[in-house]
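The structure appears below as C-alpha cells.
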C-alpha cells in the first residue's frame, strides 16, 4: 500500500538553529499538507500546498516557516531560528483530490533544546 | 470559525465493553467528517469517514453516523479489544478551506 514517508523520525536541534523536515508524499497525489501536534494537545493545521504554491496557511505558519517542493517528489518544511515552543510532532499529509482521502506520514518529532 | 469538540479522555474500558466517543462540530456549509486513529508511537490513520448527512462510516467494527440535526459524529464500537487502545481524533473537512480541522483527541485504554 502506498504511504507517506517522513524523515527523520526524530530531530533534536538547538534553539535558534534551522531545521528542514522532509516528506515524500504518495506519488500521484497533488495536495500536500503539514500539521503539528504539541505533546498532549490537538493536531493543528499549518499549511496546504497545491500546484507549487501555498493554498492555505494558519496563523501559526508565520515568516519563520516555509515549504517547498524542490524536486517533484519531496515536500519539505523549513523552520528558521527554532524556538523551544516549536517542539512538537510534525505530520505531513497528501491527497489526490482535496483532503477527502488524506494519508498521513508517521511524523517527525522535533525537540528544540 | 470551524471547530470540533470531543469528549475528554482518557476512557478506560475492559475488553468486550461498548465504546462511545462523542464528537460535535461547528461549521457552516456541508463539511465531510472523519475519525482518525493514532496508535502508540505511530502516525494518524484514517479510520472512517462520512461525506453527507445521514451517511454512516464504518471500519474495523467502528461506526459513526453523520447527524446534521445535532451536528454530531459519535464513534461507536460494540466490543473493544486491547488492540483498540489508541488516541481517536474527530475531524471535519471543507473544500473551501482545504484543510482538516481536528478535535482534541480522546485517549482510549482497553484493559484485558
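Protein chains in written order, with this note's numbering: chain X, 3 to 115; chain H, 815 to 926. By construction, the Cβ of each residue, glycine as well, lies at the ideal position given by its N, Cα and C atoms.
Item, Value
"Within 8 Å, do at least three Cβ pairs link the region 28 to 37 of chain X to the region 822 to 840 of chain H?", "no"
"Would you call the region 819 to 827 of chain H and the region 74 to 86 of chain X in contact, with 3 or more CB pairs under 8 Å?", "no"
"For residue 58 of chain X and chain H, any beta-carbon pair shorter than 8 Å?", "yes"
"Taking Cβ to Cβ, would you say residue 829 of chain H is nearer than 8 Å to residue 896 of chain H?", "yes"
"Might you give, ordered along the chain, the residues of its own chain that have their beta carbon closer than 6 Å to the beta carbon of residue 840 of chain H, omitting 5 neighbours on each side?", "817"
"Using the beta-carbon count (16 or more within 10 Å), is residue 43 of chain X buried or exposed?", "exposed"
"Using the C-alpha atoms, what's the distance from residue 915 of chain H back to residue 84 of chain X?", "25 Å"
"Where do the N-terminal and C-terminal ends of the beta strand (DSSP E) with residue 882 of chain H fall, by residue?", "That residue, residue 882 of chain H, is in no beta strand (DSSP E); it is neither H nor E in DSSP."
"Determine the chain H residues that contact residue 13 of chain X at a beta-carbon separation under 8 Å, and present them in chain order.", "Neighbours of residue 13 of chain X on chain H: none; closest Cβ ~16 Å, over 8 Å."
"Straight-line CA distance for residue 891 of chain H to residue 871 of chain H?", "12 Å"
"For the candidate residues X/23, X/114 and X/60, whose alpha-carbon lies nearest to that of residue 89 of chain X?", "X/114"
"With 8 Å as the threshold, decide whether the Cβ of residue 67 of chain X is near any Cβ in chain H.", "no"
"Whose C-alpha, out of H/864, H/922, H/854 and H/884, is nearest the C-alpha of residue 894 of chain H?", "H/922"
"Thinking just about the alpha-carbon of each residue, which of H/821, H/868, H/875 and H/876 is nearest to the one in residue 882 of chain H?", "H/868"
"Is the CB-CB distance between residue 863 of chain H and residue 886 of chain H below 8 Å?", "no"
"What are the residues of the region 874 to 890 of chain H that lie near chain X, defined by any Cβ-Cβ distance shorter than 8 Å?", "none"
"For the beta strand (DSSP E) that residue 111 of chain X lies in, which residues bound it at each end?", "110 to 114"
"List the residues of chain X that residue 912 of chain H touches, going by C-beta distances under 9 Å, in chain order.", "33, 35, 50, 52, 57, 58, 100 and 101"
"Could you work out which residues of chain X lie near residue 915 of chain H, taking near to mean beta carbons separated by less than 8 Å?", "47"
"Taking only the alpha-carbon atoms, compute the straight-line gap between residue 9 of chain X and residue 25 of chain X and give it to the nearest angstrom.", "6 Å"
"Please work out which residues of its chain come closer than 6 Å, Cβ to Cβ, to residue 58 of chain X, disregarding the five sequence neighbours upstream and downstream, and give them in chain order.", "50"
"Does the beta-carbon of residue 898 of chain H have 16 or more other beta-carbons within 10 angstroms, so that it is buried, or is it exposed?", "buried"
"Using DSSP's beta-bridge definition, name the partner residues of residue 861 of chain H.", "Beta-bridge pairing links residue 861 of chain H to no other residue."
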